[in-house]
Amino acid sequence: DELLKISKDRILALNLTEMKAMRDYFRNKKTAGTRNKMGLGENITDVELECLAQTWSEHCKHKIFNSLINYTDGKKKKIIDSLFKTYIKDSTTKIRKAKGRKDFCLSVFVDNAGIIKFNDDFNLVFKVETHNSPSALDPYGGALTGIVGVNRDPFGTGLGAKLIFNTDVFCFASPFHKKKLPPRLLHPRRIYEGVREGVEHGGNKSGIPTVNGSIVFDERFLGKPLVYCGTAGIMPARIKGKTTHQKEIKPGDLIVMTGGRIGKDGIHGATFSSEELHEGSPVTAVQIGDPITQKKMTDFLLVARDRGLYRAITDNGAGGLSSSIGEMATYSGGCEFDLIHAPLKYAGLQPWEILVSEAQERMTLAVDPRKIKSFLELAKKMGVEATVLGKFTASGKFHVLFGGKTVACLDMEFLHAGVPQMTLTAKWKQPKNKEPRFAPPSDLGKALMEMLSRLNICSKEPVVRQYDHEVQGGSVIKPLVGAENDGPSDAAIIRPVLDSMEGVVVAHGICPRYSDIDTYHMTACAMDEAIRNAVAVGADIDHLAGLDNFCWCDPVKSAKTPDGEYKLAQLVRANMAIYDYTTAYGVPCISGKDSMKNDYQIGKTKISIPPTLLFSVIGKIKDVRKAVTMDAKRPQDLVYIIGETKEELGGSEWFASQKVIGNNVPQVIAAKAIKIYRALYKAMQSGIIASCHDCSDGGLAVALAEVAFAGGLGMDIDLNFVPYRGKKRNDYILFSETASRFVVTVHPEDQRKFENIMAGNIISAIGFITSDGLFQV
């Protein structure tokens with residue numbers, strides 16, 4: 022009880038087993054002997070306690086994803102030793118092996134972000150993070166820090182990448198929420214506006230275009246919103262003959278911190294994010310971002326990188342110096358540094374606060390002592406603060422001093438590998454929802470208008486317009502396209518190297534509603550949506566890489582979470598789908614993140630998010646002049662549906678509008694989808710696709726309407742020609758959300774060539790574009 026009280030009072034977010042592991046380490050005779058020689062005594066110091074709590078936090082250590090799970094599905098039983106290793110890491114290894122010489126992955130799961138090859142001269146870096154808990158307490162500050170924080174991930178990967186675009190995906194409760202709010206919760210509209218403004222200011226002031234994103238609404242995000250922020254960068258493949266995607270640190274290299282100063286903001290950010298939101302959640306855990314300071318720092322470091330003035334770099338994110346120095350020290354085998362040298366925003370910080378503060382705009386570097394003079398001179402010249410804190414060693418110790426006095430000395434092995442592995446139980450039982458029994462609507466036109474006005478479908482232009490997507494001058498396909506630039510793009514394309522026509526494609530998929538039926542199919546649909554969005558603008562499926570970002574409600578069974586075994590089974594099934602569909606598509610995961618405690622609980626009120634996966638993809642288009650947008654181009658063009666429509670409306674927007682869930686969730690048939698995607702890519706390379714738009718939320722009807730109004734044209738459609746399997750109802754044909762489908766338009770003179778290329782796939786001409794502006798079905 023006393024150990025758990027310490028954990029709770031200090032916001033350590035550690036369980037009893039983990040607290041006992043710490044206690045036993047310090048009781049060990051060998052440990053005690055070493056500590057006595059250093060004048061530390063037998064008891065753990067507050068610096069050591071906070072350092073271990075940060076390093077062992079769920080946020081940093083991903084303990085649930087690395088746990089030993091006993092999984093049961095009916096009579097089937099399976100022991101899973103780490104979801105991450107079994108389903109994510111192993112699938113990427115398998116895909117890379119299958120690609121052989123065509124493998125474009127350079128660095129996966131070992132750095133702050135994933136790295137893939139762009140061409141012989143440049144590499145691409147991509148990372149997506151979440152900032153959910155901070156955004157629940159301080160929407161503006163949490164989201165601002167979310168975007169500038171994820172900016173530092175690609176910048177702290179390898180030798181550092183120039184940042185080329187941002188992405189953002191938000192999940193909120195309705196901004197029109199009218200019910201009384203539970204204690205300490207902000208109104209969803211306030212969160213919505215604060216998060217939007219935070220990401221706007223973070224991206225725009227940093228000079229980084231925000232090019233891709235979406236907003237999802239569900240009342241279960243009332244307790245905690247989800248704020249996904251992503252950033253990509255580009256780096257030269259080599260600098261001064263050295264590959265840039267690898268890190269190297271040698272004993273004797275100096276530990277240098279550069280950028281902003283350290284304050285109390287962000288203390289306990291890592292541990293606070295490892296818990297549900299409760300009455301003790303500290304507002305001080307929210308960091309305060311300053312994009313201008315960060316922009317100065319990144320400009321300086323790009324010059325230092327190109328001059329070869331440092332050997333390695335990482336960011337100060339969760340856990341601050343404790344994390345950045347602790348992780349970098351694994352390359353050399355140890356470290357020794359004095360916190361007295363750390364520049365502070367103000368006096369009065371305790372040593373442990375200096376160590377774990379997550380004050381923003383800071384990077385930690387390893388600098389060769391022979392180059393430190395040049396490094397510091399350049400920093401001074403460019404108006405950026407840089408401070409030597411200590412050195413990397415091969416001692417095997419994480420050694421921290423304050424004013425020359427040792428305040429922490431931990432074995433590197435214990436710090437990084439001493440956390441006990443969790444053993445958990447997962448039990449899957451397929452939920453059975455009531456099948457809907459509502460009559461078909463008598464007025465489908467009215468039904469379509471109502472669907473187009475739903476929060477998850479209506480235009481997000483008022484939000485998108487706040488973001489600068491033109492800065493840096495590389496934007497090709499923008500977030501909004503069409504005759505009046507008001508049609509929703511499926512994906513974004515930018516040219517990161519302006520004297521080349523090679524482009525970067527970025528897209529994403531997210532569909533948490535399907536989790537009410539089966540997280541396996543939710544995951545498959547999110548992955549398929551991301552991939553088909555990229556394919557819709559011209560991406561090659563054989564040069565796409567994925568990022569998996571899981572946001573889950575607490576999946577550990579306890580008095581607070583009696584259904585934890587079911588929620589963990591949902592997580593297991595989602596990971597099974599990651600393995601099955603990444604390997605089927607040949608799209609490797611190169612990075613990812615998980616956020617496992619997205620619950621709110623005060624008193625008897627508990628709100629848990631629906632299990633949610635954001636799957637993002639990044640890839641390459643060889644010639645951006647062959648890119649395709651979603652808007653109809655000219656009258657008389659033929660309208661095709663690619664793919665078969667099935668009676669798959671479980672978890673759909675149409676069923677949600679009728680206040681039902683259903684059971685027939687869309688199921689992805691990977692073999693058929695891949696065949697379609699490769700044929701469509703070939704057709705796009707031939708230049709015969711006038712427009713292409715994927716079918717997702719709201720199904721075929723919404724996709725057709727968006728294509729028409731984006732082009733400022735009309736459409737004449739006959740549903741009799743739509744390939745369909747299921748109960749013959751026009752509303753089902755129109756609003757089914759069957760995966761792997763596209764609406765494309767083709768000039769009449771290209772009809773035969775298009776149909777020849779697509780031969781062997783299910784396609785059908787279902788109508789044509791008109792000039793009268795009428796949408797007729």
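Residue numbering for the sequence shown is 22 to 798, as defined by our numbering.
Don't be surprised by glycine CBs; every beta carbon is placed ideally from N, CA and C.
Three or more C-beta pairs closer than 8 Å, one from the region 93–102 and one from the region 464–472: is that the case here? Taking 8 Å as the limit for Cβ pairs, the verdict is that the region 464–472 does not touch the region 93–102.
At a cut of 8 Å, does the region 169–180 reach the region 443–453 through at least three beta carbon pairs? No, because fewer than three Cβ pairs between the region 169–180 and the region 443–453 fall closer than 8 Å, the two stretches do not touch.
For residue 640, the first and last residue of its enclosing beta strand (DSSP E): From DSSP, the beta strand (DSSP E) with residue 640 extends over 633–642.
Would the region 645–655 count as touching the region 698–717 if we require 3 or more Cβ pairs under 8 Å? yes
Could I get the ranges of all uninterrupted alpha helix (DSSP H) runs contained in the region 323–374, with 4 residues as the minimum, in chain order? Within the region 323–374, the runs of alpha helix (DSSP H) that reach at least 4 residues and sit entirely inside it are, in chain order, 341–353.
C-alpha gap between residue 325 and residue 319, whole angstroms: 10 Å
Which value, in whole angstroms, describes the spacing of the CA atoms of residue 659 and residue 737? In this structure, the alpha-carbon of residue 659 lies about 10 Å from that of residue 737.
Nearest to residue 186 by alpha carbon, out of 771, 253 and 391? 253
When 733, 26, 726 and 700 are compared against residue 780, the one with the closest alpha-carbon: The residue with the shortest Cα to Cα distance from residue 780 is 700.
How big is the Cα-Cα spacing for residue 522 and residue 513? One C-alpha to the other measures close to 15 Å.
Unbroken alpha helix (DSSP H) runs of length 4 or more, entirely within the region 410–462: which are they? 433–438
Beta-carbon proximity of residue 549 to residue 702, cut-off 8 Å: Inclusion of residue 549 and residue 702 in the CB contact set at 8 Å is not warranted, their separation being larger than that value.
Judging by CA-CA distance, which residue of 62, 80, 45 and 32 is the nearest neighbour of residue 428? 62
Any idea if residue 597 is buried or exposed, counting beta-carbon neighbours within 10 angstroms, 16 or more meaning buried? buried
Through-space distance from residue 82 to residue 129, alpha-carbon basis: 17 Å
Could you tell me the distance, in whole angstroms, from the CA atom of residue 337 to the CA atom of residue 107? Rounded to whole angstroms, residue 337 to residue 107 spans 29 Å at the Cα level.
Whole angstroms is fine: what's the gap from residue 629's alpha carbon to residue 403's? 47 Å
With distances taken Cα to Cα, identify the nearest neighbour of residue 143 among 105, 166 and 183. 183
3-residue-minimum beta strand (DSSP E) runs that sit fully inside the region 108–146, ordered along the chain: 126–128 and 135–138
Three CB pairs or more closer than 8 Å across the region 151–158 and the region 264–273: Result no; under three Cβ-Cβ pairs closer than 8 Å.
Kindly indicate which three-state DSSP category residue 599 falls into: helix, strand or coil? Reduced to three states, the DSSP call for residue 599 is helix.
For residue 591, count neighbouring C-beta atoms within 10 Å of its own C-beta (all shown protein chains included) and say buried if the count is 16 or more, exposed if not. buried
Taking only three categories from DSSP, how would you classify residue 313? DSSP places residue 313 in helix when its eight states are reduced to three.
In terms of DSSP beta bridges, what is residue 150 paired with? 250
In whole angstroms, what separates the C-alpha of residue 421 from that of residue 42? 21 Å
Hey, quick one: how far does the beta strand (DSSP E) through residue 798 stretch, first residue to last? Looking at the DSSP string, residue 798 is not in any beta strand (DSSP E), and its letter there is neither H nor E.
What's the call for residue 44, buried or exposed, on a 16-neighbour Cβ count within 10 Å? exposed
To the nearest angstrom, how far is it from the Cα of residue 331 to the Cα of residue 317? 17 Å
Residues near residue 134 by beta carbon distance below 7 Å, same chain, minus five either side: Excluding positions up to five away in sequence, the list reads 146, 147, 148, 174, 175, 178 and 612.
7 Å CB neighbourhood of residue 652 in its chain, flanking five on each side removed: 502, 503, 504, 508, 712, 728, 731 and 732
Can you pull the DSSP bridge partners for residue 788? 660 and 738
Under the three-state reduction of DSSP, which class applies to residue 622: helix, strand or coil? strand
With 16 other CB atoms within 10 Å as the buried threshold, where does residue 293 fall? Here residue 293 scores only 49 on pLDDT, less than 50, and its place in the model is too uncertain to base an answer on.
Cut-off 6 Å between Cβ atoms - residues of its own chain near residue 329, not counting five sequence neighbours on either side: 261
Status (buried if at least 16 other CB within 10 Å, exposed otherwise) for residue 234: By the 16-neighbour rule on beta-carbons within 10 angstroms, residue 234 is buried.
Have a look at residue 448 and residue 499 and give me their C-alpha separation to the nearest angstrom. 44 Å
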